[in-house]
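Chemist: Residue numbers (the numbering used here): 442 to 681.
We put the beta carbon where it would ideally sit given N, CA and C, even for glycine.
Provided herewith is a single structure, encoded as structure tokens, for subsequent inquiry.
Next comes the structure, spelled out in structure tokens:
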């Protein structure tokens, strides 16, 4: 369950956010969506794939954290062990909501900061304060707003990236079959990756256009990131 409220310095004047990463704070998801702008940082730690959103049927780009549902192999009781944590994880419990605002005589959808008051990160005594005693924004809230803005802008950029990949038939399904040291098998059958064969066949004009947009670099980093599956498997075997 969630309880999303528009953030304000009256209702939420005493709000604090617990920032540490721990299973009890809801960090056990096995993947999260990532933005095109952070692929270069994500690929250093995590395997990157595409999946189809079960609600919309649309492709999204994800960082994989585990090999089964609700499993984050980068997380233990001592924290999150990776050099980079994706934006969609770091923004919690804040999220973007939209409300109609009149701007220069026109009704527009204005992005506003909301907070999930049912999040286990919510506190009035522990963690980082959201507002200053006189009602101003703390540096912590300003940083959270920056993250939300990156996500808001990143959604459209990432959506366009995926649209271009689909246009040129550069996404293909991939079946990942893993045998663990205890002889149990795991099959990851709902993942997609870059079609490297079709990528190699792109003609010069298309290749140049994709390169100028940064898409060629992103595709190569996605392909290279699959080597991080070996780290996931090692972490899984170590936990058995």
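Looking at the unbroken beta strand (DSSP E) that takes in residue 549, where does it start and where does it end?
Modeler: Here residue 549 is taken as the residue at index 108 of the chain shown, counted from 1. Looking at the DSSP string, the run of the beta strand (DSSP E) that includes residue 549 is 547 to 557.
Chemist: Where does the unbroken beta strand (DSSP E) through residue 632 begin, and where does it stop?
Modeler: Within the chain shown, residue 632 is the residue found at index 191, counting from 1. Counting along the chain, the beta strand (DSSP E) containing residue 632 begins and ends at 626 to 635.
Chemist: Taking C-alpha atoms, which residue in 447, 445, 452, 457 lies nearest to residue 579?
Modeler: For the purposes of this step, residue 579 is taken as the residue at position 138 of the chain shown. Per the Cα distances, 457.
Chemist: For a quick check, are the C-beta atoms of residue 670 and residue 488 less than 7 Å apart?
Modeler: Taking the chain shown and counting its residues from 1, the one referred to as residue 670 is at position 229. Taking the chain shown and counting its residues from 1, the one referred to as residue 488 is at position 47. For residue 670 and residue 488, yes; Cβs fall inside 7 Å.
Chemist: If we count the other Cβ atoms within 10 Å of its Cβ and call it buried at 16 or more, is residue 551 buried or exposed?
Modeler: Indexing the chain shown from 1 puts residue 551 at position 110. So residue 551 ends up on the exposed side.
Chemist: Just curious, the beta strand (DSSP E) that residue 461 is in, first and last residue?
Modeler: Here residue 461 is taken as the residue at index 20 of the chain shown, counted from 1. Taken as a continuous stretch (DSSP letters only), residue 461 belongs to no beta strand (DSSP E), as it is neither H nor E.
Chemist: Buried or exposed: where does residue 574 fall if 16 or more other Cβ atoms within 10 Å of its Cβ makes it buried?
Modeler: Position 133 of the chain shown, counted from the start, is the residue given in the question as residue 574. Exposed.
Chemist: Taking only the alpha-carbon atoms, compute the straight-line gap between residue 652 and residue 449 and give it to the nearest angstrom.
Modeler: For this step, residue 652 is matched to residue 211 along the chain shown. For this step, residue 449 is matched to residue 8 along the chain shown. Each residue's alpha carbon lies about 43 Å from the other.
Chemist: Report all residues from its chain with a CB closer than 6 Å to the CB of residue 614; omit the five preceding and five following residues, and keep chain order.
Modeler: Sequence index remark: in the chain shown, residue 614 carries index 173 (1-based). Cβ neighbours of residue 614 beyond the five flanking positions: 633.
Chemist: Taking the alpha helix (DSSP H) that residue 675 falls in, what are its first and last residues?
Modeler: Numbered from 1 along the chain shown, position 234 holds the residue referred to as residue 675. Annotation: the continuous alpha helix (DSSP H) that includes residue 675 extends over 670 to 680.
Chemist: Excluding five sequence neighbours on each side, which residues of the same chain lie with their C-beta closer than 7 Å to the C-beta of residue 676?
Modeler: Residue 676 sits at position 235 when you count from the first residue of the chain shown. Closer than 7 Å at the Cβ level, and outside the excluded window around residue 676, lie 514.
Chemist: Under 8 Å by Cβ, that's how I've got residue 462 and residue 520 pegged, so tell me the actual separation to the nearest angstrom.
Modeler: Here residue 462 refers to the residue found at position 21 of the chain shown. Here residue 520 refers to the residue found at position 79 of the chain shown. Rounded, the Cβ-Cβ distance is 5 Å, consistent with contact.
Chemist: What residue does the beta strand (DSSP E) around residue 472 start on, and which one ends it?
Modeler: In the chain shown, residue 472 corresponds to position 31, counting from 1. That run of the beta strand (DSSP E) goes 472 to 474.
Chemist: Could you give the residue range of the alpha helix (DSSP H) that holds residue 531?
Modeler: Position 90 of the chain shown, counted from the start, is the residue given in the question as residue 531. Where residue 531 is concerned, the enclosing alpha helix (DSSP H) stretches over 528 to 531.
Chemist: Specify whether the segment 556 to 567 and the segment 630 to 646 touch according to this definition: at least 3 beta carbon pairs, one from each stretch, less than 8 Å apart.
Modeler: When C-beta atoms of the segment 556 to 567 are compared with those of the segment 630 to 646, fewer than three pairs fall below 8 Å, so the two segments do not count as touching.
Chemist: Taking 7 Å as the cut-off, decide whether the C-beta atoms of residue 562 and residue 472 are in contact.
Modeler: Along the chain shown, one-based indexing puts residue 562 at 121. Along the chain shown, one-based indexing puts residue 472 at 31. Not closer than 7 Å, so no.
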